[in-house]
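Novice:
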Amino acid sequence: MSKRRSQKERSAETSARLMGATIDLMHQQGLSRTTTSDIARQAGVSRGALTHHFASREAIISASIADLLSKSTRDLHRFAEEFMARGGSSDEIVDYIWRMMDDRLFVVTMEYLPEARHNPDFRAELIPTVREFHAGLDAIWTALAARAGTAPDHTRTVMNATMCLFRGMISQTVLRPNDPAYYEGLMRFWKEQVRQHFPMKSAATAPNPSAPDRLA
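Here the sequence shown stands for residues 1000 to 1215, numbered as in our numbering.
1) Take residue 1199 and list the residues in its own chain whose beta-carbon comes closer than 8 angstroms to its own, dropping the five residues that flank it on each side.
2) DSSP state of residue 1144, grouped into three classes?
3) Could you tell me whether the stretch 1058-1066 touches the stretch 1117-1125, where touching means 3 or more Cβ pairs closer than 8 angstroms?
4) Exposed or buried, what is residue 1181 when buried is set at 16 or more other beta-carbons lying within 10 Å of its beta-carbon?
5) Would you say residue 1135 reaches chain C, if we count a Cβ-Cβ gap shorter than 8 angstroms as a contact?
6) Taking the alpha-carbon of residue 1012 as reference, which of 1052, 1080, 1034, 1098 has the nearest alpha-carbon?
7) Helix or strand or just coil, what does DSSP make of residue 1098?
8) Assign residue 1121 to one of three DSSP states: helix, strand, or coil.
9) Once you ignore the five residues that flank residue 1076 on each side, which residues in its own chain have a CB closer than 8 angstroms to its CB?
10) Under 7 angstroms Cβ to Cβ from residue 1038, same chain only, skipping five residues before and after it: list those, please.
11) With a threshold of 8 angstroms on Cβ separation, who are the neighbours of residue 1185 within its own chain once the five nearest residues in sequence on each side are excluded?
12) So, for residue 1140: in the same chain, excluding its five sequence neighbours on each side, which residues have a beta-carbon less than 6 angstroms away from its beta-carbon?
13) Residue 1108: which of 1179, 1071, 1078 sits nearest, CA to CA?
14) Roughly how many angstroms separate the alpha carbons of residue 1079 and residue 1112, rounded to a whole number?
15) Taking residue 1030 as the reference, which of 1085, 1114, 1014 has the closest Cα?
16) Restricting to Cα atoms, I'd like to know which of 1171, 1041, 1083 is closest to residue 1014.
17) Report the residue ranges of all alpha helix (DSSP H) runs contained in full by the stretch 1006-1054; include only those spanning at least 4 residues, in chain order.
18) Taking the alpha helix (DSSP H) that residue 1184 belongs to, which residues open and close that run?
19) Short check: CB of residue 1142 to CB of residue 1151, under 8 angstroms?
20) Beta-carbon within less than 6 angstroms of residue 1103's beta-carbon, same chain only, minus the 5 sequence neighbours each way: which residues are those?
Here you go:
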């Protein structure tokens, strides 16, 4: 016989479903088209259940974005710890960050950035979580810098340039879809640039068969 869940556990599960539904809808139909009725329907709960957990549309959207970024931040720190322990190449880091960004994360980001630009309260709520996310990115590149003996400040510049490139690439897929050769070429070019900043022994720069250049 399964253990009966506590009220706290049931509440946490409902909140998680609501936040997951919010992110799904932001990705599928955009922030401006997502209503609280849509979110409740997608999550399979009543409007009353939604308003019990989140006082407003802005509250659930802010919480959902923070939850998405927090999960990504935990994954970043986990990857950084593994990379520091076992080693690896700059190609592996570039591939990992691309997969993370291309897996809905930046598409959802493009949905909420206009609101953050014009809504100071919404922006203020998100800034601490965004800073934590960037600290997770910094941990990965710091691990690479430690192995390659590269200055931390220079490493952060390469990290920020990588993120700017990926944001631009993902933005471009909106009006230039179904062109894998174009994006694969950019990835190959950028990996070559990054390698030059992190000279490693031959084992570290060998191709990684588990992380091909092909983009989804």
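A virtual CB, placed ideally from N, CA and C, is assigned to each residue, including glycine.
Specialist: Reading off the structure:
1) These residues qualify, in order along the chain: 1088, 1089, 1146, 1147.
2) Three-state result, residue 1144: helix.
3) With the rule of 3 Cβ pairs closer than 8 angstroms, the stretch 1058-1066 counts as touching the stretch 1117-1125.
4) With fewer than 16 Cβ atoms within 10 Å of its Cβ, residue 1181 is classed as exposed.
5) No chain C is part of this structure, which consists of one protein chain only.
6) Of the candidates 1052, 1080, 1034, 1098, 1052 places its Cα closest to the Cα of residue 1012.
7) It is helical.
8) In this structure, residue 1121 counts as helix in the three-state DSSP scheme.
9) Result list for residue 1076: 1135, 1138, in chain order.
10) Scanning its chain for C-beta atoms nearer than 7 angstroms, with the 5 sequence neighbours on each side dropped, one finds around residue 1038 the residues 1017, 1020, 1021, 1024, 1049, 1059, in chain order.
11) So the list reads 1164, 1168, once near-sequence residues are dropped.
12) Result list for residue 1140: 1154, 1158, in chain order.
13) Its Cα nearest to that of residue 1108, the residue 1071 stands out among 1179, 1071, 1078.
14) Near 27 angstroms, if we compare the C-alpha coordinates of residue 1112 and residue 1079.
15) The option with the nearest alpha carbon to residue 1030 is 1114.
16) In this structure, 1041 is the residue among 1171, 1041, 1083 with its C-alpha nearest to the C-alpha of residue 1014.
17) As far as the stretch 1006-1054 is concerned, its whole alpha helix (DSSP H) runs of at least 4 residues are 1006-1028, 1035-1042, 1046-1052.
18) Note, residue 1184: alpha helix (DSSP H), 1179-1196.
19) No, Cβ-Cβ distance for residue 1142 and residue 1151 is not below 8 angstroms.
20) Within the same chain, 1026 come within 6 angstroms of residue 1103 by CB-CB distance, once the 5 residues on both sides are set aside.
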